[in-house]
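In this note's numbering, the protein residues as written are 37 to 620.
Dropping the structure here:
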């Protein structure tokens, strides 16, 4: 089968992509890396180091001999999504591609609006594409048990039979979501159900409980295939937080009384559930709902089990109750049905002491990476806007990352990296821990400028498409500096300026798009703007006065075109006259 995994770079998306690939299916991963960028916003990070998507895909090929295709872009961009799916022709779409954090959605208005626009619009785009292009394709959509809330009746799987005033009907189970994130999932469910009814689509809504664990048969093949381990107050789950707190010798913080009961499941069961749903599609026009969890626990029960597991490892900690930042019942009835996946053959993994112990091992192994000032909650459900203050209840709030640390272990290509600006940029990236490749024809700079920096130097010409493609292999970000510089040379030799600056830039953009490069930074120039009597800002319409300026303006236009047409993240920087080290 041909399976597209939306959000395939995420905690569940990446293991799902490998799971299906390992079973011989053709897999396309689509992701815009919003989850990774959110770490930069809040100063959070996975406890376990994770590789870039390009590195993951390469490691997967090394470990399994199998291929996973990737496309970088935003599914809220209908044209981008249409192109990718039209080329891939999926039989199944597994849809994880949404903002998944309740606290994130409750930070303030901007985060609430983003959550709802991103989640609802992306799903609507998928539904319209299914209706217009792929009516036989099966949508497997990740929902959440949080849609139901905590009603004082048994929670059925999606629908409930109601008798009222002597009449009966089967209706969607009432929803009592607890955040703007959960509300977005409710909207998705209603939209999918409606689309199945009016367009005859087939869809499975997986209302999933809280997932724990990071190990799958595929992640065990190579450390580079690891998935996320989130533990902080925005993205982390209670079980992960407790394990990290125990590893650090800190109290296990339970929100409120701790009687909040939820459904839980092992990450391996998530993969099994998604596979069972995909391999057993509903009929055309059928919208079905599976409650996807295997066990129920209170938060306090989880904390006690982690405390006991820590004690067995020689770590003494205590359970500490803290003020609950959420508006929720802290003691309540909770009995959810989950038979439909069991009927399809699911064989659940129970939350064993051994598994908690394995999470503790990872928490201890990577405790040095824990960002301790992000563990405690700071988003207040009762406030319309929450800010991360310097101190909140004695706990340091999240702080922004060092702006260079985001490049650590990232694969970067710098074209023109032997030139003046290139050498300085390469030096900064290497110091930040990036894996740097340089493409340069050495017409201006010298390879000697890169001696001792540990970079991969490719000698070649950006005007050659094959060279551009090879340079972009397994790259996350391209800094495109290579150019025929200068106004006077462009006037004397306009054809050379054209082929290098316009043709070469097109080649690099095309190669980056084909190879799944996440972001493209283009070195433009003030010459693209021309001369203005008034103050010039970024919105000024370019009026170049030289072939060089025209070629740079054309490069900016191509960056804009590739962003719009292919969903690439591009930015053009209009350099002024630069000076500094290594200048001539």
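Note that CB positions come from ideal geometry on N, CA and C, so glycine has one too.
Keep in mind it's a predicted model, so treat the numbers as computed, not measured.
Between the Cα of residue 188 and the Cα atoms of 574, 369, 520 and 612, which residue gives the shortest distance? 369
Compute the beta-carbon to beta-carbon distance between residue 94 and residue 66, rounded to the nearest angstrom, for a pair I have assumed lies under 8 Å. 18 Å between Cβ atoms; not a contact.
Is it buried or exposed, residue 215, if we count other Cβ atoms within 10 angstroms and call 16 or more buried? buried
What is the residue span of the beta strand (DSSP E) that residue 307 lies within? Where residue 307 is concerned, there is no enclosing beta strand (DSSP E), although the alpha helix (DSSP H) it sits in stretches over 303 to 315.
By the 10 Å Cβ neighbour count, where 16 or more other Cβ atoms means buried, how is residue 577 classified, buried or exposed? exposed
Member of 113, 105 and 136 whose CA lies at the smallest distance from the CA of residue 126: 105
Would you mind reading off the limits of the alpha helix (DSSP H) that contains residue 608? Here residue 608 belongs to no alpha helix (DSSP H); instead the beta strand (DSSP E) covers 605 to 611.
Can you check DSSP and say which residues form a bridge with residue 372? 191
Around the C-beta of residue 390, are 16 or more other C-beta atoms found within 10 angstroms, so that it is buried, or is it exposed? exposed
Residue closest to residue 70, alpha-carbon to alpha-carbon, out of 544, 551, 56 and 154: 154
Residue 624 in three-state terms, based on DSSP: Residue 624 cannot be examined here, being either before or after the span of the chain that is shown, 37 to 620.
Nonlocal neighbours in the same chain, by C-beta distance under 7 Å from residue 434, ignoring five residues either side: Because the pLDDT of residue 434 is 37, which lies under 50, any placement of that residue in the model is unreliable, and the number read from its coordinates should be weighed accordingly. Excluding residues within five positions, the ones whose Cβ falls inside 7 Å are 78, 79, 80, 409, 410 and 424.
Considering only DSSP beta bridges, list what residue 295 is partnered with. 367
Secondary structure of residue 198, DSSP reduced to three states: strand
Is the number of C-beta pairs between the region 200 to 210 and the region 118 to 138 that are closer than 8 Å three or more? no
Check whether the region 175 to 190 and the region 107 to 124 touch, using three or more Cβ-Cβ pairs below 8 Å as the test. No contact exists between the region 175 to 190 and the region 107 to 124.
When you compare the CB positions of residue 174 and residue 317, do they come within less than 8 Å of one another, or not? Going by C-beta atoms, residue 174 is nearer than 8 Å to residue 317.
Residue 243 - containing beta strand (DSSP E), residue span: Taken as a continuous stretch (DSSP letters only), the beta strand (DSSP E) holding residue 243 covers 238 to 244.
I need the DSSP call for residue 226, collapsed to helix, strand or coil. helix
Short Cβ contact (8 Å threshold) for residue 537 with residue 501: no
Given the structure, does residue 354 come close to the ligand GDP, in the sense that its CB is under 7 Å from one of the ligand's heavy atoms? No copy of the ligand GDP occurs in the structure displayed, which carries no ligand at all.
I need the boundaries of the alpha helix (DSSP H) containing residue 562, first residue and last residue. Note, residue 562: premise wrong, no alpha helix (DSSP H); not H, not E.
When 396, 43, 585 and 589 are compared against residue 282, the one with the closest alpha-carbon: Nearest Cα to residue 282 within the set 396, 43, 585 and 589: 396.
Taking just the CA atoms, how far does residue 314 sit from residue 530? The alpha-carbon atoms of residue 530 and residue 314 are separated by roughly 56 Å.
Beta strand (DSSP E) segment containing residue 37, residue limits: Where residue 37 is concerned, there is no enclosing beta strand (DSSP E), given that its DSSP letter is neither H nor E.
Are residue 475 and residue 507 closer than 8 Å when you measure CB to CB? yes
Sequence-distant residues of its chain with Cβ nearer than 6 Å to residue 580 (five each side left out): 564, 566, 586 and 589
By Cβ distance, which residues of its chain are closer than 6 Å to residue 413, with the 5 residues on each side in sequence left out? Taking C-beta separations shorter than 6 Å and ignoring five residues to either side along the sequence, the partners of residue 413 in its chain run 269 and 361, following chain order.
Going by the beta-carbon positions, is the gap between residue 504 and residue 452 smaller than 8 Å? no
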